[in-house]
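One structure below.
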Amino acid sequence: MAIAKLKLVEIEFPAQQYDAVLLKLINLDNFHPESASRFADSVQGLSVLNRENPYADLIARMEEARDKYHIQLKSADVDNVRMNIIQADTFFCDVLEKAAQIEKTKEDLLTMIQENEATISQLEHMIDANIDFDRLFSCKYLQIRFGRLPTVNLDKLKYYGEQKFLFKVLHKGTKETYCSYLATADNAPEIDNIFSSLYFERIHIPEFVHGKPKEALTVLKEEDDTAKQYIQVLDQRIEKLFNENLTEMNHIYSISKKLNETYDAQKYVVVFGKNAAVYGFAEEKDAKKIQADFEQLDDVKVEISSAMSDSRLTPPTKLKNNWFSRPFRMFVEMYGVPSYTDFDPTNLVAISYTFLFGMMFGDVGQGIVLSLVGYFFYKWKGMQLGAVGMRLGISSTIFGFVFGSIFGSEALFEHFMEPMFLPMETENTMTLLMAAIATGVVLIIISIAFNIFLNLKKKHWGEMLFSQNGLAGLIFYVSVLLLVANMLVGLNLPLGGPIYIVLLIAMPIVMIFLKEPLCHKLEGEKMFPHGFGAFFTEAFFELFEVMLTFIANTMSFLRVGGFVLSHAGMMMVVYTLAEMVAGGPGIINFGYILVAIIGNIFVMCLEGMIVGIQVLRLEFYEMFSRYYEGKGKPFTSIQEK
């Protein structure tokens with residue numbers, strides 16, 4: 001079966017077994033848990049387990065410390081997950097506090113170094129000045145200012161010769177001049193204003209600077225070197241502190257991570273009194289293993305029942321496909337997962353998609369390349385699209401033998417065997433297009449037949465009998481096709497008489513037109529609840545749309561033949577360009593080979609992508625729309641949620 005048969009699994013356990021059950025639960029990769037709110041919202045007295053998580057904050061603080069101190073903190077599998085969270089938290093806090101004390105000393109030293117380096121950069125411009133900071137800063141009646149001003153403004157100081165201040169150049173540069181000036185306390189504001197107008201930028205010399213600039217520089221640099229060496233010692237202390245406690249910290253971290261996951265799984269636990277339960281789905285063979293595993297715990301019971309036994313739950317869908325169809329599951333899931341009781345179209349998609357793509361992209365050489373590229377990406381990157389490409393490439397190769405094309409060249413193929421069918425031959429064009437339409441007709445009939453079977457299985461009698469995708473639609477479609485084929489091909493079958501028209505064409509149309517009231521009748525309801533007039537207007541236009549849909553869906557498959565011709569035409573252009581570059585027909589040189597290679601790559605990339613999209617469109621719009629809803633929910637284990 002394409003859809004695995006599931007069992008409803010109920011795990012019931014007492015409150016004291018919360019952690020033990022949840023630990024087993026989060027490790028299951030074959031169990032689809034159901035949210036506890038489905039039960040708690042519908043039954044009074046039930047609730048969802050909601051315990052406060054004491055591990056999340058501890059984990060966050062440990063990971064913050066890991067990033068800050070570059071600790072080799074790792075989560076590993078642990079056999080015993082029992083742990084006193086208070087003791088563990090206290091242990092980690094003690095380690096972190098010791099590290100913080102060391103870090104505080106280190107930060108103070110870094111601040112001192114930063115201040116020293118800023119001061120050093122200023123003092124280096126005063127190194128030749130014969131000044132003593134201690135004597136200058138000890139003056140009670142004089143104010144001293146250190147700073148710099150633009151060198152071009154030095155000459156302007158002569159305009160202030162009558163002012164009472166002493167000016168000294170400490171270091172003169174081309175753009176800036178480091179200098180100082182002295183003034184009495186009474187005159188200082190006026191002198192500061194003068195120097196401000198000259199763009200004087202004051203430099204504050206810290207109180208920890210003593211002696212002459214050269215002596216102060218030596219002392220500050222020695223302080224910096226000592227501080228940097230001590231910082232290295234502090235880093236080693238921090239590293240040693242964490243290394244000594246790393247084993248215990250990793251143990252705490254591993255257990256905390258494991259137990260933290262159990263709190264994420266609380267949303268699946270239904271609580272009733274002193275007991276609790278978890279509901280979910282698993283395959284029958286897996287359900288028995290789950291039962292045996294969980295019932296090893298004290299007072300834990302596991303019940304297994306039919307997947308449809310609880311009306312509150314909709315069973316998920318777990319697809320099981322053979323090796324050929326499995327990669328095409330991605331296309332089905334793009335449209336939607338089938339319901340548990342529905343039909344899985346993956347096998348049909350795999351066959352039809354492969355056939356249509358190969359027909360539209362038939363080429364021996366390009367098909368082989370497509371398979372090899374697909375195999376490479378599937379093995380290297382694990383891409384399911386690569387696995388699809390492998391299968392499509394094989395189909396393209398087979399049709400390449402039919403169409404007589406190797407890398408778009410019929411001449412190369414003729415050296416090996418005679419082509420079975422040449423698409424570009426004029427007499428073959430109509431045959432190709434008719435074959436494309438015939439392929440579409442077969443696929444549409446198969447789609448309608450699937451819809452009839454599914455509605456029969458669901459006992460949707462109205463849809464099965466009167467729908468355009470039901471028995472009435474199938475009879476009408478096949479009858480019209482036989483009538484048209486009889487006229488065009490000249491089969492001379494006894495078709496088209498009054499009985500044929502009335503029974504096989506007119507009556508199905510009437511049944512499709514009256515589908516809604518007939519469905520109401522089968523269900524014991526009023527046939528025209530909103531009046532016949534409203535029904536007639538709506539049904540008339542719907543019937544018109546149904547007729548157009550049959551025509552459009554059928555003619556849509558003409559694109560299959562169109563792309564066969566398009567592929568052959570594009571490759572003809574490639575080899576025409578190659579001959580022009582080579583210098584004439586029959587000449588094969590480097591230019592010819594280069595253009596042929598580039599042209600083949602271009603056609604493979606462009607047309608391969610377009611053909612893939614067009615085939616997917618045919619699958620979705622011309623086939624899925626007739627029988628497939630895709631309203632199911634996928635089977636998702638707790639590890640995937």
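The letter at position 218 of the sequence shown is residue 218 when you use the working numbering, and the numbering goes up by one with no holes.
We put the CB at the ideal spot given by N, CA and C, even for glycine.
Nearest residue (CA-CA) to residue i, options the options
i           : options            : result
residue 636 : 30, 13, 7, 395     : 30
residue 66  : 140, 243, 123      : 243
residue 410 : 384, 574, 298      : 574
residue 473 : 459, 483, 505      : 505
residue 101 : 545, 515, 237, 280 : 237
residue 13  : 174, 133, 279      : 279
residue 193 : 513, 585, 160      : 160
residue 246 : 72, 527, 445, 603  : 72
residue 561 : 523, 296, 439      : 439
residue 593 : 582, 603, 565      : 582
residue 21  : 329, 175, 299      : 299
residue 126 : 134, 139, 179, 113 : 179
residue 91  : 75, 107, 62        : 62
residue 5   : 103, 282, 357, 130 : 282
residue 455 : 521, 563, 343      : 343
Length of the line joining the Cα atoms of residue i and residue j
i           : j           : result
residue 493 : residue 287 : 58 Å
residue 271 : residue 381 : 44 Å
residue 650 : residue 115 : Since the first and last residues shown for the chain are 1 and 641, residue 650 lies out of range.
residue 462 : residue 530 : 19 Å
residue 222 : residue 177 : 27 Å
residue 547 : residue 317 : 35 Å
residue 226 : residue 84  : 44 Å
residue 158 : residue 214 : 30 Å
residue 484 : residue 544 : 20 Å
residue 38  : residue 45  : 13 Å
residue 559 : residue 256 : 60 Å
residue 203 : residue 230 : 30 Å
residue 323 : residue 26  : 29 Å
residue 142 : residue 190 : 14 Å
residue 442 : residue 268 : 47 Å
residue 165 : residue 234 : 49 Å
residue 599 : residue 488 : 40 Å
residue 152 : residue 211 : 31 Å
Three-state class that DSSP yields for residue i in the structure shown
i           : result
residue 202 : strand
residue 314 : coil
residue 423 : coil
residue 209 : coil
residue 339 : coil
residue 272 : strand
residue 154 : helix
residue 28  : coil
residue 499 : helix
residue 37  : helix
residue 127 : coil
Limits of the unbroken alpha helix (DSSP H) element including residue i
i           : result
residue 590 : 590 to 617
residue 282 : Here residue 282 belongs to no alpha helix (DSSP H); instead the beta strand (DSSP E) covers 275 to 283.
residue 139 : Taken as a continuous stretch (DSSP letters only), residue 139 belongs to no alpha helix (DSSP H), as it is neither H nor E.
residue 192 : 188 to 197
residue 567 : 558 to 582
residue 385 : 384 to 403
residue 61  : 55 to 69
residue 101 : 85 to 123
residue 510 : 507 to 513
residue 475 : 471 to 485
residue 347 : 346 to 360
residue 296 : Element bounds for residue 296: n/a, residue is neither H nor E.
residue 380 : 364 to 381
residue 696 : With the chain running from 1 to 641 in the structure shown, residue 696 is simply not present.
Segment limits, beta strand (DSSP E) that includes residue i
i           : result
residue 171 : 166 to 172
residue 181 : 176 to 184
residue 148 : 142 to 150
residue 304 : 301 to 306
residue 10  : 6 to 14
residue 489 : Element bounds for residue 489: n/a, residue is neither H nor E.
Exercise for the section: Assess, as a yes-or-no matter, whether the segment 177 to 191 is touched by the segment 86 to 97 under the definition of 3 or more beta carbon pairs within less than 8 Å. Expected result: The segment 86 to 97 vs the segment 177 to 191: no contact.
Handout entry: Stretch-stretch touch, CB-based, cutoff 8 Å, three pairs: the segment 389 to 399 with the segment 362 to 377
Key = Touching, yes.
Handout entry: Stretch-stretch touch, CB-based, cutoff 8 Å, three pairs: the segment 360 to 372 with the segment 338 to 348
Key = The segment 360 to 372, when compared against the segment 338 to 348, does not touch it at the 8 Å Cβ threshold.
Practice task
Mind the definition here: the segment 617 to 637 touches the segment 438 to 450 only if three or more C-beta pairs lie below 8 Å; say whether that holds.
Solution key: Contact holds: three or more Cβ-Cβ distances are below 8 Å.
Exercise for the section: Check whether the segment 537 to 545 touches the segment 333 to 340, counting contact only when three or more Cβ pairs, one atom from each stretch, lie closer than 8 Å. Expected result: The segment 537 to 545 vs the segment 333 to 340: no contact.
Practice task
Report yes or no: do three or more beta-carbon pairs, one from the segment 168 to 177 and one from the segment 141 to 156, lie closer than 8 Å?
Solution key: The segment 168 to 177, when compared against the segment 141 to 156, does touch it at the 8 Å Cβ threshold.
Exercise for the section: Mind the definition here: the segment 248 to 258 touches the segment 115 to 127 only if three or more C-beta pairs lie below 8 Å; say whether that holds. Expected result: No, the segment 248 to 258 is not in contact with the segment 115 to 127.
Practice task
Determine contact between the segment 50 to 68 and the segment 302 to 319, defined as no fewer than three beta-carbon pairs at a distance below 8 Å.
Solution key: The segment 50 to 68, when compared against the segment 302 to 319, does not touch it at the 8 Å Cβ threshold.
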